[in-house]
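With positions in the sequence shown counted from 1, the corresponding number in this note's numbering is that position plus 67.
C-beta atoms are modelled at their ideal positions from N, C-alpha and C, and glycine is treated no differently.
Read the structure below first, then the notes.
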Amino acid sequence: MQVSRQRSAAGPVPAPGWINLAAPALPVFACFLGGATTKSAEGIVVALLGLLLLIRPPQISLGWITNAIVVALVVCGAVAFLPARWFFQPEWRAALMNDFGIPLNVDLTPQPWLTLGCLVSFVAGLSWLYYCATQELELRGARVQLRVFASGIALLAATCIALYLAQMAPPFWHNVRNFGPFPNRNQTGDLFGIAAIVALACGQDDLRHGRKRWIVWLLAFALLIAAVILNFSRAGVLILIAGTALWIAAVALRQRKATPFALGFSILLLVATALLVFGGETFERFHLRTPGAAGMSSDFRWLIFQDAWHMIRASPWCGIGLGNFEPIFAIFREASLGDTRAHHPESDWLWLWAELGWPALFLTVAGFFSIVPRVLPLKDGTNQRLRLAALIGAILFALHGIVDVSAHRVGTAYSALFLFGLSLHRPLRLRPSRSAPIIFRFVGLALLVAGASWSVAARKDLLLPGVVGADNAKQLAIVANRGRNYPETIDLATRALHWAPLDWQLYFLRALGEVQARQPTASALDDFRRARFLEPNAYEVPLEEGNVWLKSQPVLALTAWRDALRRAGDRRDQLYAKLLSQTAVRDPAMNRTLEQLSNGQPSLMVTFLDSVYGDRFNAGLDHLLARDPNLEMLTRDQKKQLFMRWAERGDLARLAREAKEHQDWNTYAWEGLAKFYVDRKDFRAAYELVRKFGDAPTLPQTAGESSLDDAQKQYFAAPNNYAAGYAFYREQMRLGKFDDALVTARHFTERKDSPVYFHFLEAQAWAAEENWERAWNAWSAYREATRKR
């Protein structure tokens, strides 16, 4: 009791024992909750953090410089609520308001409710860092916390491996490859990589003190390596190797002895060997055998960076406000234009710059350098090896943020902040603060209320203002639309748009309700236009719009489908074929109207010709040849498709005339021309065409030259042997015995189970006899048999 009073008088009281379990358990728990990437899971983590701050708030201050930086970062997030007219007015904002009539608030952020929710998350992250950095821990307590964290992540790795082998996954884990809690494998690899460095340090610490527990840490280290390999992430491998090498080198250099160097090199060699032996598909992703296969210019990530930079340049210096990157970035996608929507810029630092402006970027770097000196001195008796491992993990995490967004995921962000906070030298040598507990208890209460509200609202489908309410309203509107309750669809979408006015799906849902409820066409048109502007890349948006308009306003359907074809890119021909097929049954009049979309676009005209017959085919062919007389705008496959249909449905005499003027067409038009010559009984010309341009079969391999007598003996000894029959036929043809070769070939063609190439050989023999009609018939039999097989 007396010791406790003395500590209270001298400075902060060391943290109670339960904190050594609760603090490291929070980031581990967040990772088990699918990385807390959903608002429901994040709400649980934020509420627990708020509870922790209420019970045990920070007792000391990190100094006025660090405090000023933290406050300034919060201010950067809050600047978004200032009037937009005080700042540079970007063109996209003017377009949203003036051209599309989207009613934005006066705030700088176009979505204040979403920005507010993200600001709460941002404050929670800063509070967690401050809490971890100001824990008044004894050396043993710091070791316990790092061990609990590393053990928890190793347990998570073991769970991932077991679930992966069992082909199972918890319902709150969403991963395409069915491995790991995070949707993105890079974040899973990042987590396991930095945890492996800490596990290695824990094992070395126990080994140095003669404790047999190092065997357990060796097993944990092996589990984390296995998880990194199975995760199939290059980032995880690089963090693991770089972190292990840096930690071993730093420890060995400090001791300046040969033994640590040898032991460290052995450990690193074992890690590299394990990765090389078991890495397999993971290492193939590094393109080590083809160094040029993953060049920077061809990497899609760099195209995202380019478009993100253009967006930053076209926005105010203070950013666009938290939570606004995804909808606004969709407008700026040009170099990175693709089928899928980009949810982030593939970089934590670019994301921070885009939403909070360059001051936040500068403050973040300044904050790091204001705290890092507190890691020193790294001298014996200060957990220096464990703290060094934690610092290396945090630094590699920050560097990985240049090309990934792990800092925007609660599970990984809280883990890295925890390691950074635990890397500080203890005792902290900081002064107690009277205001810190009061401020953080107030923050803790706010986080507890906010986190609990998010979690409850997400689970109960409550329309809580913000991202949770908007998502809930969207899902309820989808259900209402499927149930044909169109007034409710419109009402729910309208309510959600008050909180998320840049969500294209909400405008699309409201437009669907307005069309089905037969409200004024202008309202639905405006909402569809807004949806298309806010999602300018996906062709499915105007495609579905056209499907909605088809029954009531076919002209509007045609306009929407034209935009869908423009967006479809390489899949444009397939989409056009789908539209033609769809309307041929449901709406023949629209099917004829769709022909207008192909005018002036040869590739679409080929697709159109693939679906019509008779006069429509001939008229379409006229349009195509008038537009592109030499068919220079068509690909090889499109030419083959065109001439195949021309041979089936078109004027063969015209084909023959055109082919005389374009000799290069014979490569594709030979079937139609052969059919034309057959109709005119010119079997020689037909056969000469198919012999020159047709597909020849793969013939058996022979052992080399042999005499006719030897081939005859082998054939007569096994008359059903195909190889022997082919060898006998070949010798007969070589010696000019064409009649005998015909007998040999027909011996096999008269059998149904014989290889199809004997029909081809029969055609060659008839051609040698200059019996062109039979040569043609034999080749036709070969062609028909090939198609059946």
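{"Check": "With which residues is residue 127 paired in a DSSP beta bridge?", "Outcome": "499"}
{"Check": "Can you find at least 3 beta carbon pairs, one from the stretch 223-234 and one from the stretch 504-522, that sit closer than 8 Å?", "Outcome": "no"}
{"Check": "According to DSSP, is residue 767 part of a helix, a strand, or is it coil?", "Outcome": "coil"}
{"Check": "How big is the Cα-Cα spacing for residue 424 and residue 672?", "Outcome": "49 Å"}
{"Check": "Looking at C-beta atoms only, is the number of pairs between the stretch 480-498 and the stretch 389-402 that lie closer than 8 Å three or more?", "Outcome": "no"}
{"Check": "May I ask you to report which of helix, strand or coil DSSP gives residue 174?", "Outcome": "strand"}
{"Check": "Taking C-beta to C-beta, are residue 292 and residue 274 nearer than 9 Å?", "Outcome": "no"}
{"Check": "With a floor of 4 residues, list each alpha helix (DSSP H) that falls wholly inside the stretch 789-854, ordered by position along the chain.", "Outcome": "789-801, 805-816 and 824-835"}
{"Check": "Taking its Cβ as the centre, do 16 or more other Cβ atoms sit within 10 Å of residue 648, making it buried, or is it exposed?", "Outcome": "exposed"}
{"Check": "In angstroms, rounded to a whole number, what distance separates the CA positions of residue 680 and residue 563?", "Outcome": "50 Å"}
{"Check": "For a test of the three-state rule: what should DSSP assign to residue 356, helix, strand or coil?", "Outcome": "In this prediction, residue 356 scores a pLDDT of 43, lower than 50, which makes its location untrustworthy; the coordinate-derived value is nonetheless stated afterwards. Residue 356 falls in the coil class under three-state DSSP."}
{"Check": "Work out the CA separation of residue 238 and residue 97 for me, nearest whole Å.", "Outcome": "15 Å"}
{"Check": "When you compare only the Cα positions, how much space is there between residue 325 and residue 417?", "Outcome": "Note that residue 325 has pLDDT 48, beneath the 50 cutoff, so the model's placement of it is unreliable and the number below is only indicative. C-alpha separation (whole angstroms): 44 Å."}
{"Check": "Which one or two residues does DSSP pair with residue 504 in a beta bridge?", "Outcome": "Residue 504 pairs with nothing; no bridge assigned."}
{"Check": "Tell me the rounded alpha-carbon separation between residue 842 and residue 833.", "Outcome": "5 Å"}
{"Check": "Measuring straight from C-alpha to C-alpha, what distance separates residue 678 and residue 723?", "Outcome": "23 Å"}
{"Check": "From the DSSP output, read off the bridge partner residues of residue 150.", "Outcome": "174"}
{"Check": "Can you name, in chain order, every residue of its own chain whose Cβ lies under 8 Å from the Cβ of residue 514, other than the five neighbours on each side?", "Outcome": "113, 114, 116, 117, 120, 187, 190, 191 and 194"}
{"Check": "Between the C-alpha atoms of residue 355 and residue 682, what's the straight-line distance to the nearest angstrom?", "Outcome": "Reliability of the predicted coordinates at residue 355 is poor, the pLDDT of 43 falling under 50, and the value obtained from them is presented with this limitation in mind. One C-alpha to the other measures close to 57 Å."}
{"Check": "Quick one: residues in its chain with C-beta nearer than 6 Å to the C-beta of residue 529, no 5 flanking neighbours on either side, listed in chain order?", "Outcome": "none"}
{"Check": "For residue 522, does the count of other Cβ atoms within 10 angstroms reach 16, so buried, or fall short, so exposed?", "Outcome": "buried"}
{"Check": "Tell me whether residue 657 is buried or exposed, calling it buried when 16 or more other Cβ atoms sit within 10 Å of its Cβ.", "Outcome": "buried"}
{"Check": "Could you check which residue in 88, 747 and 455 has the C-alpha nearest to that of residue 491?", "Outcome": "455"}
{"Check": "Considering just the uninterrupted stretch of the alpha helix (DSSP H) at residue 588, what are its terminal residues?", "Outcome": "588-601"}
{"Check": "What is the rounded straight-line gap between the Cα of residue 201 and the Cα of residue 438?", "Outcome": "11 Å"}
{"Check": "When burial is assigned at 16 or more other CB atoms within 10 Å of the CB, is residue 373 buried or exposed?", "Outcome": "exposed"}
{"Check": "Please list the terminal residues of the continuous alpha helix (DSSP H) segment that includes residue 737.", "Outcome": "733-746"}
{"Check": "How many whole angstroms separate the CB atoms of residue 627 and residue 613, which I take to be in contact at a CB cut-off of 8 Å?", "Outcome": "4 Å"}
{"Check": "Once you ignore the five residues that flank residue 419 on each side, which residues in its own chain have a CB closer than 7 Å to its CB?", "Outcome": "427, 428 and 431"}
{"Check": "Reducing DSSP to helix, strand and coil, say where residue 606 ends up.", "Outcome": "coil"}
{"Check": "Report yes if the C-beta distance between residue 261 and residue 483 is below 9 Å; otherwise report no.", "Outcome": "yes"}
{"Check": "For residue 366 versus residue 604, is the C-beta distance shorter than 9 Å?", "Outcome": "no"}
{"Check": "Less than 6 Å between C-beta atoms, sequence neighbours within five positions excluded: which residues of the same chain meet that for residue 179?", "Outcome": "172"}
{"Check": "Please tell me whether residue 598 and residue 575 are closer than 9 Å, where the distance is taken between their beta carbons.", "Outcome": "yes"}
{"Check": "DSSP on residue 90, reduced to helix/strand/coil?", "Outcome": "helix"}
{"Check": "Is the beta carbon of residue 108 closer than 9 Å to that of residue 101?", "Outcome": "yes"}
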